DNA sequence: CCACGATTCTAAATCCTATTAGATTCCACC
DNA sequence: GGTGGAATCTAATAGGATTTAGAATCGTGG
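Protein chains in written order, with my numbering: chain A, 5 to 217; chain B, 5 to 217.
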C-alpha cells in the first residue's frame, strides 16, 4: 500500500482520480463550483446547480469529493493559490532594476486583472472568505497568509527604500488596499467601466496615497 | 379599514406592532438578527439562534415578521439607513466653513467608527450585501443608493473646489474607498489594532491619494 | 376577579437539499 | 465480443430549518 505516493497532496482518504483522462470531469465540477460559488455565494450554492453547470448529475460529485464542504474548501484554496501564483509570476518577470513603487503598481494591476478577468476561483475565494464555516477556512487561510506576506514584503521594501512615507502605517494601508481591490467584485461591471480605468485609479490611490514626498 | 394609516410604512400585510410597549420584543428580535447576521452571515443565520439571542422561542419571530427573509431584509435596510443617518448627522454638525477635504475626513471617520463600534446593523448590511438573494436586495439597495449619492456629492464638491486632483476619476476612487472601508469588517480586530490608527490611515489614503498638489 | 386580546410557547408539518444505495452505462483491454 | 472496473445515473434516505397549528400564558381594563 503506497499511501505516501508522490503525485498527490491528499494521502489516502481521497477518492480515485489522477489516473484516466475522464478525471477531467473532476476539473469540470471544480470549475462549475467556482463559478456558482462566485455568483451565488456559499449560502446559495446548491450541489444541483453545480452539477448542472458541470453537465452531470448531483450524486456524481461524490465520486470526486467527499462532501459539499470539501468541494467548497478546494475551490477556496485554489482561488487563493492562483492569485498568489499569478502575482508572483508577474513580479518575477519584471526588470530587476524596477523601483519598489513600480513593483507595487504591477502587483495592483495583476491582482485586479486576475480577479476580474481570469478567475472565478479568485472571485469565489474573495467573496466567501468570511462566510464559510470555520472548519473550511484552515487550508485556504494558510494560502491567504502567504499572499499577505507577499504584499507585506513589497510594502516593507518600498518603505525601507524611502519610496513610501516613513510615517505611514503600511500594515493598515496594505489591508485597506487589499480590501478596496477585493470589494471591487461587488460592484465592478465590465460594461459600465473599463478595467484599465479601474486599474489606473487603484494605482493612483497607492502611488499618491503612500508615496514619499 | 384605515389601511393607509399614518404611522407605518408597511400598509396592511404587517402583523400587529407599534401599539403596546411589549412590541419592543420586535426590536429585541431585530437586534438579535443583526448581531447573528453580522457574525454568521446569511448562510449561517438560523432562526433558532436569533430567537435564542432575543430570549424567545423561534416561532415567536413569526408574530412580528412574515418570514425569515423579511426579517433579514429589514436588518439590511436598517443597516444601510443608520449608516447614512449617522454620517449625515455628523456632517451636518460641522462648521459650515470647513473645507471639502475636511468634510471627507470626517465622513471617513464617521463611517468607520459607526461600522465598527456602533452598529451590528451596519456590519450585517455590509457583509451580506452581495450574498442575499436578489429579491431581498431591492429595499436595502435603495438606501445604499442614497448613501452612495452622499459620497458622490462630497467628492464632486471637493473636486470642483480644486481640493481634489482634476484628473482623478472620483467615481472609481469613491467606490474603491468605500470598498476599503467596508472590507475592514473582515479583518479588523479591536484587540490587535487601535481604531484611531485605522481611521488615521484611511484618512491619509484619501488625503494624499486624492488631494490636489 | 374575570374576560379578552395580545403575546409566546410546544408540537407537528413541510420543504429543501445533502447524502447514500444500488443499478446501469461506458470503455479499455484481452 | 465479452469482462471488469471506472464513472455516472435513478431512486430512496436523512437531517435540518423554516413555517404552521393550536394551546397556554400574560397583562390590562372593566
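Glycine is no exception: its CB is placed at the ideal position from the N, C-alpha and C atoms.
Quick caveat: nothing in here was measured; it's all calculated off a predicted structure.
Ranking A:66, A:31, A:91, A:113 by CA distance to the CA of residue 208 of chain A puts A:113 first. Identification of chain A residues near residue 213 of chain B by a Cβ-Cβ cut-off of 9 Å yields 208, 209, 210, 211, 212, 213, 214, ordered along the chain. Annotated as proximal: residue 42 of chain B and residue 128 of chain B, with beta-carbon spacing under 7 Å. The secondary-structure analysis by DSSP pairs residue 215 of chain B across a beta bridge with B:168. Scanning chain B for C-beta atoms nearer than 9 Å to the C-beta of residue 201 of chain A yields 173, 176, reported in chain order. At a cut-off of 7 Å between beta carbons, residue 205 of chain A contacts chain B. At a cut-off of 7 Å between beta-carbon atoms, residue 186 of chain A makes contact with chain B. At a C-beta separation below 8 Å, residue 45 of chain A has these neighbours in chain B: 46, 47, 134, 135.
Taking a cut-off of 8 Å on C-beta distances, the segment 57-76 of chain B does not touch the segment 52-64 of chain A, as fewer than three cross pairs fall below it. Counting along the chain, the unbroken alpha helix (DSSP H) around residue 179 of chain B starts and ends at 174-191. Listed in chain order, the non-local C-beta contacts of residue 78 of chain A below 6 Å within the same chain number zero, local neighbours out to five positions each way being set aside. Here the segment 150-158 of chain A makes contact with the segment 87-104 of chain A; the two share three or more CB pairs at distances below 8 Å.
Setting aside the 5 residues that flank it on each side, residue 146 of chain B has no residue in the same chain whose C-beta is closer than 7 Å to its C-beta.
At a cut-off of 7 Å between C-beta atoms, residue 150 of chain A does not count as an interface residue with respect to chain B. In this structure, the CA atom of residue 103 of chain B is about 28 Å from the CA atom of residue 178 of chain A. The Cβ-Cβ distance between residue 215 of chain B and residue 166 of chain B does not fall below 7 Å.
Here residue 144 of chain A carries a helix assignment [DSSP, helix/strand/coil]. Residue environment: residue 101 of chain B is assigned as exposed (fewer than 16 neighbouring CB atoms within 10 Å of its CB, all protein chains considered). Listed along chain B, the residues sitting closer than 8 Å to residue 191 of chain A by beta-carbon distance are 179, 183.
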